[in-house]
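Residue numbers for the sequence shown follow my numbering, so the first one is 1246 and each next one is one higher. Ideal placement from N, C-alpha and C gives every residue a C-beta, glycine not left out. This structure is a prediction, so every number in the text was calculated from the model and none was measured.
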Amino acid sequence: MNIFFDLDGTLTDPYQGITRCISYALIRMGRPLPPRMSLRWCIGPPLKKSFAALLGSDDDKLAEQALSVYRERFGAVGLFENEIYEGIPEMLNILQDNGHTLHVATSKPTVFAERIIDHFELRRYFKAIYGSELDGTRCDKASLIAHILQNESIVASEASMVGDREHDMIGANANDVCGFGVLWGYGTREELESSGARACFKSPRELLGAFKGRSNRRLKIGRAQSLPGGAGLS
């Protein structure tokens, strides 16, 4: 099985870095600064769209300016204000040992995603790291997943997308790829189920159960279920 992993909210927790950089950009642009905790919704969707909402404007150039200022801090400091979720390296190691091929599929620009993956020493687990371009190309998951399938010559039925937000599930479904939701990130069960998650999991340990055994094991899991903790480790 080819497994595509989202980055923010799935492999790592980027809360500190993303919210601090958003705050930095808003301050630099002389805009009101909301409480950082209220910015959690910005983790997952393409940031340019989030800035458009935060700025209350449909001016594309204004959102682009905010994103540019954001990246000033993010590229130097923010991308390392990040924490890997407990159990992620162990989960990736087991999946790899069981013969699955892993890829990163993130709306974050590839140039930043690669630095984060290398910082946490996760590169060894992934065949490739796919993200968006700095100009916004492939920042939506539907086009990103389509690009990965084509570039890697992967049949949709032999791939799964793992992520914490609706964008991951919508992108997976748009490409006839099975989407699995994780509940340790920034999306809710309701969000993930309503956007088409085949199943939801509470921990990396639990997620392993979806990929135990044959590659078509996922087809036996009902829509939006949750497996018992520890499944798949034996």
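Please report the distance separating the alpha-carbon of residue i from that of residue j.
i     : j     : result
G1477 : I1374 : For G1477, the predicted structure reports a pLDDT of 35, less than 50, and the residue's modelled location is therefore unreliable. A value from the coordinates is still provided. Roughly 25 Å separates the two Cα atoms.
E1403 : F1446 : 20 Å
R1459 : G1320 : Caution is warranted here: a pLDDT of 40 is assigned to R1459, below 50, making its placement in the model unreliable, and the coordinate value is therefore given only provisionally. Near 41 Å, if we compare the C-alpha coordinates of G1320 and R1459.
L1307 : A1297 : 8 Å
D1396 : A1350 : Looking at the sequence provided, one finds Asn at residue 1396 rather than Asp. Distance between the alpha carbons of N1396 and A1350 is about 13 Å.
G1426 : F1249 : 12 Å
M1246 : T1355 : 23 Å
S1268 : S1313 : 13 Å
K1294 : T1255 : 20 Å
L1379 : L1367 : 23 Å
Y1260 : V1422 : 28 Å
N1461 : P1279 : Annotation note: pLDDT 40 at N1461 (below 50); position unreliable, coordinate value reported separately. Whole-angstrom Cα-Cα distance: 46 Å.
G1376 : L1340 : 21 Å
P1281 : F1365 : Reading off the sequence shown, one finds Arg at residue 1281, where the question assumed Pro. Approximately 25 Å, taken between the alpha carbons.
R1468 : G1275 : For R1468, the predicted structure reports a pLDDT of 39, less than 50, and the residue's modelled location is therefore unreliable. A value from the coordinates is still provided. Computed Cα separation, rounded: 46 Å.
S1440 : R1318 : 33 Å
D1413 : R1360 : 21 Å
N1420 : L1394 : 9 Å
I1263 : G1424 : 25 Å
N1338 : G1289 : 25 Å
L1428 : S1398 : 30 Å
C1287 : L1252 : 14 Å
G1475 : A1311 : Low confidence applies here, because G1475 scores a pLDDT of 37, under 50, leaving its location unreliable; read the following figure in that light. Roughly 43 Å between the two C-alpha positions.
K1457 : R1369 : 21 Å
T1382 : D1342 : 33 Å
E1335 : D1363 : 16 Å
S1405 : A1417 : 8 Å
D1258 : G1454 : 23 Å
Note the first and the last residue of the continuous beta strand (DSSP E) segment covering residue i.
i     : result
G1426 : 1423-1427
M1406 : 1404-1408
Y1375 : 1373-1377
Does any residue of chain D have a CB that is nearer than 8 Å to the CB of residue i?
i     : result
D1253 : Included in the structure is just one protein chain, with no chain D present.
Taking the alpha helix (DSSP H) that residue i belongs to, which residues open and close that run?
i     : result
P1334 : 1333-1342
L1315 : The question names Leu, but residue 1315 is Tyr in the sequence shown. Element bounds for Y1315: 1305-1321.
P1449 : 1449-1452
F1357 : 1355-1364
N1418 : 1411-1419
L1367 : Careful: L1367 lies outside any alpha helix (DSSP H) and carries neither H nor E.
S1295 : 1292-1300
K1386 : 1386-1396
R1434 : 1434-1439
Between residue i and residue j, which are expected to be in contact by the criterion C-beta below 8 Å, what is the C-beta distance as a whole number of angstroms?
i     : j     : result
Y1315 : A1358 : In fact, because the Cβ distance is near 16 Å, the residues do not count as touching under 8 Å.
G1432 : R1410 : 4 Å
G1323 : C1266 : 4 Å
V1407 : L1452 : 7 Å
Would you list the one or two residues that DSSP bridges to residue i?
i     : result
E1328 : D1258
N1247 : T1346, A1404
D1253 : T1257
Could you tell me if the beta carbon of residue i falls within a distance shorter than 7 Å of some heavy atom in the ligand ZN?
i     : result
D1380 : This structure does not include the ligand ZN; it has no bound ligands of any sort.
message: Pairs of beta-carbons, one from the segment 1325-1343 and one from the segment 1387-1394, closer than 8 Å: are there three or more?
response: no
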